[in-house]
Amino acid sequence: MLILNKSLKKFSLLSILTLSVAVGSIGCRTTPKKIAPNEPVPRSTNGIEPRDSNNQSTDRHLYNNPNDGYPNDNLNTNTDNNSMVEKSDRIANKLTELPEVKNASVILTGNTCLVGINTNDNTEGKVTTDLKNRVEAKVKEEDSNINNVAVTADPDLIKRVENLGTDVRNGKPISGLGNEVEEIIRRITPNM
Numbered sequence: 051m052l053i054l055n056k057s058l059k060k061f062s063l064l065s066i067l068t069l070s071v072a073v074g075s076i077g078c079r080t081t082p083k084k085i086a087p088n089e090p091v092p093r094s095t096n097g098i099e100p101r102d103s104n105n106q107s108t109d110r111h112l113y114n115n116p117n118d119g120y121p122n123d124n125l126n127t128n129t130d131n132n133s134m135v136e137k138s139d140r141i142a143n144k145l146t147e148l149p150e151v152k153n154a155s156v157i158l159t160g161n162t163c164l165v166g167i168n169t170n171d172n173t174e175g176k177v178t179t180d181l182k183n184r185v186e187a188k189v190k191e192e193d194s195n196i197n198n199v200a201v202t203a204d205p206d207l208i209k210r211v212e213n214l215g216t217d218v219r220n221g222k223p224i225s226g227l228g229n230e231v232e233e234i235i236r237r238i239t240p241n242m
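Quick note on the working numbering: the sequence shown kicks off at 51 and runs consecutively.
(1) How many Å lie between Ile157 and Gly215 at the Cα?
(2) Determine the DSSP secondary structure at Leu181, reduced to helix, strand or coil.
(3) With a 10 Å radius around its C-beta and 16 neighbouring C-beta atoms as the bar for buried, classify Phe61 as buried or exposed.
(4) In the DSSP assignment, the beta strand (DSSP E) including Leu164 goes from what residue to what residue?
(5) Checking the sheet assignment: what are the DSSP bridge partners for Thr202?
(6) Which residues share a DSSP beta bridge with Leu42?
(7) Is the beta carbon of Leu164 sitting closer than 7 Å to the one on Ala200?
(8) Specify the secondary structure class of Lys222 as computed by DSSP and reduced to three states.
(9) Rounded C-beta distance between Ile196 and Asn161? I'm assuming under 8 Å.
(10) At which residues does the alpha helix (DSSP H) containing Asn229 begin and terminate?
(11) Rank Leu64, Ile167, Arg236, Val211 by C-alpha distance to the C-alpha of Glu150 and give the top, closest one.
(12) To the nearest angstrom, how far is it from the Cα of Asn213 to the Cα of Arg184?
(13) From the DSSP output, in three-state form, read off Lys190 for me.
(14) Can you tell me whether Asn55 is helix, strand or coil according to DSSP?
(15) So which of Leu58, Ser194, Arg237 has the shortest CA-CA distance to Arg210?
(16) Around the C-beta of Ile66, are 16 or more other C-beta atoms found within 10 angstroms, so that it is buried, or is it exposed?
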């Protein structure tokens, strides 16, 4: 009986020790570092800072936990889309001020503007050089950063420009539509 008690004591002691180590190691983790309001948030471990893309957030937390009570510091990729949509709408509205233009669809990408127009005289697919020049002038008047303007009255291309606009309005980034934009530009202006 004495041998059984010694074995039971050793087993109990070993079990308690193992359980203590297991529970202790499960509860251990690093605590996220809180950053003081005036201290810059570290964004890189290799010394290269990423480009700031108009981030309007105020998160001062290193790990950006959305449930930590701090505003989120994720770059708002939709901010660029929203401002581009607003600018596209402004340009399209300006273009309808031209007497020949019934309606216009506009896509902006970088310094390039794609314009699809329906004319009041219903001449599908045809835009005079004069009208193209006036459309280009209106676009550049509205946004002086635009260097290239591609104008079409081709129904197929207008539909593609409208679909791109719908995709961007639905949250799809314009950068993800690059191939489609390039293809439309090539079809409108092969020399651009």
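Cβ coordinates follow ideal geometry from the N, Cα and C atoms, glycine included.
Bear in mind the structure is a predicted one, so any value in this text is a computation, not a measurement.
Reading off the structure:
(1) 6 Å
(2) For Leu181, the three-state secondary structure derived from DSSP is helix.
(3) Label assigned to Phe61: exposed.
(4) Leu164 -> beta strand (DSSP E) spans 162-169.
(5) Gly166
(6) Since the first residue shown for the chain is 51 and the last is 242, residue 42 is missing from the structure and cannot be characterised.
(7) yes
(8) In this structure, Lys222 counts as coil in the three-state DSSP scheme.
(9) 6 Å
(10) 228-238
(11) Ile167
(12) 25 Å
(13) Looking at Lys190 - three-state DSSP - the assignment turns out to be helix.
(14) helix
(15) With distances taken between Cα atoms, Arg210 lies closest to Arg237.
(16) exposed
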